[in-house]
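**Student:** If you read the sequence shown in our numbering, its first letter stands for residue 358, the second for the next number, and so on.
For glycine and all other residues, C-beta sits at the position ideal for the given N, C-alpha and C.
As the structure is a prediction and not an experimental result, all values here were calculated from the model.
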Amino acid sequence: MKRCLIVGAGGFGREVLSWALAMANPEWNIVGFLDSKTSALDGKNMPLGIVGDPATWEPQSDEVFLCGIGDSGTRLRVCGELRDKGARFVSVVHPTVTLGLNASIGDGCVVAPHAVISVSATLDDFVLVNIAASVGHDTVVGAGATISSHCDLMGYARLGRGAFMGSHSCVLPSVIVGDFAIVGAGSAVVRKVAARTTVMGVPAQLLFKHEE
Ligand SMILES: CC(C)(COP(=O)(O)OP(=O)(O)OC[C@H]1O[C@@H](n2cnc3c(N)ncnc32)[C@H](O)[C@@H]1OP(=O)(O)O)[C@@H](O)C(=O)NCCC(=O)NCCS
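1) Considering only residues of the stretch 396-447, which uninterrupted beta strand (DSSP E) runs meet the minimum length of 3 residues and lie entirely inside it, listed in chain order?
2) Going by the C-beta, is ILE426 closer than 6 Å to any heavy atom of ligand 1?
3) Thinking just about the alpha-carbon of each residue, which of PRO416, HIS494, ASP392, GLU384 is nearest to the one in GLY409?
4) Taking C-beta to C-beta, are VAL550 and ALA542 nearer than 7 Å?
5) Should ILE504 be listed as close to ligand 1, given that the test is whether its C-beta is under 6 Å from any heavy atom?
6) So, for SER448: in the same chain, excluding its five sequence neighbours on each side, which residues have a beta-carbon less than 6 Å away from its beta-carbon?
7) Would you say ALA502 and ALA478 are within 7 Å of each other, going by their C-beta atoms?
8) Can you tell which of HIS507, THR453, PRO452, TYR513 has the C-alpha that lies nearest to the C-alpha of LEU480?
9) Grab me the residues of LEU485's own chain with a C-beta within less than 6 Å of its C-beta, minus the 5 sequence neighbours each way, in chain order.
10) Is it right to say MET522 is buried, meaning 16 or more other beta carbons lie within 10 angstroms of its own, or is it exposed?
11) Which residues in the same chain as VAL450 place their Cβ atom closer than 6 Å to its Cβ, once the five residues preceding and following it in sequence are excluded?
12) Mind checking ASN487: buried by the 16 CB within 10 Å criterion, or exposed?
13) Nearest to GLY427 by alpha carbon, out of VAL547, ALA520, ARG515?
14) Within its chain, find whatever has a CB closer than 8 Å to the CB of LEU510; leave out the 5 residues flanking it on each side and keep chain order.
15) Which two residues bound the contiguous alpha helix (DSSP H) that contains ARG371?
16) For the beta strand (DSSP E) containing ASN487, list its first residue and its last residue.
17) Which whole-angstrom value is the C-beta distance of ARG553 and PHE483, which I expect to be below 8 Å?
18) Any heavy atom of ligand 1 inside 6 Å of the beta-carbon of MET358?
19) Cα separation between ASN382 and PHE422?
20) Out of ALA412, GLU420, PRO416, ARG371, which has the shortest C-alpha to C-alpha gap to ALA355?
21) Buried or exposed, going by whether 16 or more other CB atoms sit within 10 Å of the CB of VAL540?
22) Put GLY463 into one of helix, strand or coil per three-state DSSP.
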């Protein structure tokens, strides 16, 4: 059995612990969190503690890692650095998730309770699909993207690397959201969103372009 470490002990890391325990995967034994903030679990009454800092951790062959960082950019950076040092990331898929035929889930993903990953949808590595979100048929989700709770990514849509969809937002069929774009909560994306821009509203409009 592998020792399992959760990278990130913030609110999302604690959710990942809850969902990973619900999976009851017989191949892992969850032993604790990695976080540079040693006080992150103070007062949180968690059954496991912080056992190290991801920046200095040396991954071992008997360890697997779960991604517990909510922010797309930080998730890609911190988990990417660990993977470059040899860390093997595995994914959390809660037992209540509905998976379509030929749905594909990369390494280091988190698929939260009651999410749907529909037929032939593809999640690249380090993707977060939060509670009750829906990833439609034949959609492609880039590495490190975040799909917040109750989002609806409709069929053949594409979400770029590190893109973020706020809660209750949707992307219409076949529409593309660019790399590291941000979609505001409750927005409806009806046309292509350029990379590194923030959009919001119904229909979603440009709010601003991000600095390089
Ligand atoms: C779109 C968003 C990223 C903008 O954040 P921001 O750059 O900090 O912008 P502000 O909060 O300063 O808001 C700018 C303006 O847009 C409006 N606005 C913000 N979010 C909006 C949204 N989702 N829909 C419509 N209008 C919104 C604000 O009221 C404000 O209007 P004003 O200038 O007339 O006062 C943010 O509001 C958002 O929706 N984040 C998603 C949060 C989420 O779903 N998290 C997942 C759960 S953890």
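**Tutor:** So, from the listed chains and residues:
1) Fully contained in the stretch 396-447 are the following beta strand (DSSP E) runs of length 3 or more, in chain order: 407-409, 420-424.
2) Taking the first residue of the sequence shown as 1, we reach residue 426 at position 69. For ILE426, the Cβ stays outside the 6 Å cut-off from all heavy atoms of ligand 1.
3) The sequence position of residue 409 within the sequence shown is 52, counting from 1. With distances taken between Cα atoms, GLY409 lies closest to ASP392.
4) By 1-based counting over the sequence shown, the position of residue 550 is 193. By 1-based counting over the sequence shown, the position of residue 542 is 185. Not closer than 7 Å, so no.
5) Translated into the one-based positions of the sequence shown, residue 504 becomes position 147. Relative to ligand 1, the beta carbon of ILE504 is positioned no closer than 6 Å to any heavy atom.
6) Position 91 of the sequence shown, counted from the first residue, corresponds to residue 448. Contacts found: ILE462, CYS466.
7) Position 145 of the sequence shown holds residue 502. Position 121 of the sequence shown holds residue 478. No. Outside cutoff.
8) In the sequence shown, counting from the first residue as 1, residue 480 sits at position 123. A check of alpha carbon separations from LEU480 across HIS507, THR453, PRO452, TYR513 identifies TYR513 as the nearest.
9) In the sequence shown, residue 485 corresponds to position 128, counting from 1. Once the five neighbours on either side are set aside, the close Cβ partners of LEU485 are VAL467, THR503.
10) Looking up residue 522 in the sequence shown gives position 165. For MET522, the number of other beta carbons within 10 angstroms of its own is at least 16, and it is reported as buried.
11) For the purposes of this step, residue 450 is taken as the residue at position 93 of the sequence shown. Spatial neighbours of VAL450 in its own chain (CB-CB distance under 6 Å, excluding positions within 5 residues in sequence) are listed in chain order as VAL468.
12) Taking the first residue of the sequence shown as 1, we reach residue 487 at position 130. ASN487 comes out buried.
13) As a first step, residue 427 must be located in the sequence shown, where it is residue number 70. Taking each of VAL547, ALA520, ARG515 in turn and checking the Cα distance to GLY427, the smallest one comes out for ALA520.
14) Along the sequence shown, one-based indexing puts residue 510 at 153. Contacts found: ALA490, SER491, VAL492, GLY493, THR496, VAL498, ILE504, LEU516, MET522, CYS527, VAL528.
15) Your numbering for residue 371 matches position 14 in the sequence shown. The continuous alpha helix (DSSP H) containing ARG371 extends over residues 368-380.
16) Taking the first residue of the sequence shown as 1, we reach residue 487 at position 130. Judged by DSSP secondary structure, ASN487 falls outside any beta strand (DSSP E); it is assigned neither H nor E.
17) Here residue 553 refers to the residue found at position 196 when the sequence shown is read from its first residue. Here residue 483 refers to the residue found at position 126 when the sequence shown is read from its first residue. The Cβ separation is near 18 Å, so there is no contact.
18) Position 1 of the sequence shown, counted from the start, is the residue given in the question as residue 358. Outside the cutoff, so no.
19) Your numbering for residue 382 matches position 25 in the sequence shown. Your numbering for residue 422 matches position 65 in the sequence shown. Rounded to the nearest angstrom, the two C-alpha atoms are 13 Å apart.
20) The requested residue 355 is not part of the displayed model; the chain covers only 358 to 569.
21) Within the sequence shown, numbered from 1, the residue matching residue 540 stands at position 183. Looking at its Cβ environment, which holds 16 or more other Cβ atoms inside 10 Å, VAL540 is buried.
22) Position 106 of the sequence shown holds residue 463. Three-state result, GLY463: coil.
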